[in-house]
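Colleague: Have a look at the structure that comes next, please.
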Amino acid sequence: MLRPSNPALGGPAQVHWPCCVGGARAARIGAPARPWRRRADRAPSTECAPRRWAVLAQAAADSPCSSGSSSGPQQQQHPPPHSTEGLCGCSTSGGAAGAPPPHPSLGRRAALASTAAAAAALAAPRPRAASAGPLVDEATARAVFESASPSVVAIVQFKTTSAGGEAFEALGSGVVWDDLGHVVTNYHVVGQYVLDRTGAAGVKVIVQGPDGGSVALPATIVGTDAQREIAVLSLEGGPPPGAAPLPVGASAGLRVGQTVYALGARYGEGASMSAGVVSGLGRAIPAPTGTRIYGVVQTDASVNAANSGGALVDSSGRLVGLATAPFTSKSTARGSGVGFALPTEMLREVVPNLIVYGSGYKPDRRA
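Here it is, written out as structure tokens:
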């Protein structure tokens, strides 16, 4: 920018350099060119810091003031002493005379916006296609149902109607325990007939026959344990062909997330199955006597009043629990999708005592 030092006196014009080229220093026209150098004993000027930021911001935002890139290493180029192009983010060539330089905040905002957009693009996860595979292997589920469903029975109570006919009321489900015809179920399924023997004669077990049909067999209650929610029935004449006992597995080997299947006979209409996973281990649930049962398996497989007393099996078709006590909210009286199963370790301890002694505890012979 040229201006006379004293127009009234006609003095020579002076060239006023920008702050980053020397602050208030000036060189007269016609003076020999001298390379710009900073004195070693002078601190850097703080007045040119905003313009330096503007240059860096404009370069990051690909502004016209930024220099192009090249394939080879770039060397720092110093402007000539009498040119202000490229300094402080402005240029005197090709523009209007006296045009003000761009505000430093504009270039800085553009650089920050460009940097934020690049960071967001790098941090955003790439979308992935949803898995179309089934949650449960269909072949395994069919194999489990075909092998375990004949061992799951329906427990009903037959009553004589006023018209002289016969009707039944579904009580729950049960599992064939051994070849002698013993069926394991929950205490609350048959508990009312333990206290009142008048209706116990009407308790029958509907077993699926080998031809796909069903047969109702009379059953008697041989033992109950209300504190641990277990009862044992005995089929008259033993189980029919095809109703083989389930192989008993170990509940202690279960892991949270493992696939399990809950089988039961809903309302005497045949076996049904639902799949789920082990949601928790070592749970405690209330017993009919008011005490608590510990070491219970929690699952999200459907366990309701109809299939309570049924079987909880693993992917190999082994019995890993006796389905029982679906959790119900007291305020809504509706199931919340949380089911439980008594562990097989408890069944191995209690069921033999019920068969032999009629009680879950072996009597003390020393008394």
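Add 20 to a position in the sequence shown, counting from 1, and you land on the number used in the numbering used here. Heads up, the beta-carbon is just placed ideally off N, CA and C, and yes, glycines get one too.
#1: Suppose the cutoff is 8 Å on Cβ atoms and the five residues either side in sequence are ignored; what does the same chain contact list for S299 look like?
#2: In the DSSP assignment, the alpha helix (DSSP H) including L374 goes from what residue to what residue?
#3: Could you pull out every unbroken beta strand (DSSP E) segment of at least 3 residues lying fully inside the segment 261 to 295, listed in chain order?
#4: Exposed or buried, what is L253 when buried is set at 16 or more other beta-carbons lying within 10 Å of its beta-carbon?
#5: I need the DSSP call for T181, collapsed to helix, strand or coil.
#6: Contact between the segment 240 to 248 and the segment 167 to 184: three or more CB pairs below 8 Å?
#7: Would you identify the three-state DSSP class for T309, choosing helix, strand or coil?
#8: What is the DSSP secondary structure of A326, reduced to helix, strand or coil?
#9: Taking three-plus beta-carbon pairs below 8 Å as touching, is the segment 185 to 205 in contact with the segment 154 to 173?
#10: Suppose you measure from the CA of P372 to the CA of A161; what does that come to, to the nearest Å?
#11: Tell me which same chain residues have a C-beta within less than 8 Å of the C-beta of T311, skipping the five on either side of it?
#12: Whether or not the segment 258 to 265 and the segment 279 to 288 are in contact is what I'm after, with contact meaning three or more pairs of Cβ atoms, one per stretch, closer than 8 Å; do they touch?
#13: Is the distance from the Cβ of Y207 to the Cβ of E249 below 8 Å?
#14: Thinking G330 and G284 are a contact (beta carbons under 8 Å), I'd like their distance in whole angstroms, please.
Modeller: In brief:
#1: Result list for S299: V276, Q318, T319, D320, V358, in chain order.
#2: That run of the alpha helix (DSSP H) goes 364 to 377.
#3: 279 to 285
#4: buried
#5: coil
#6: no
#7: coil
#8: coil
#9: yes
#10: Between the alpha carbons of P372 and A161 lies a distance of about 31 Å.
#11: Q247
#12: no
#13: Their beta carbons are under 8 Å apart, which means Y207 touches E249 by this criterion.
#14: 3 Å
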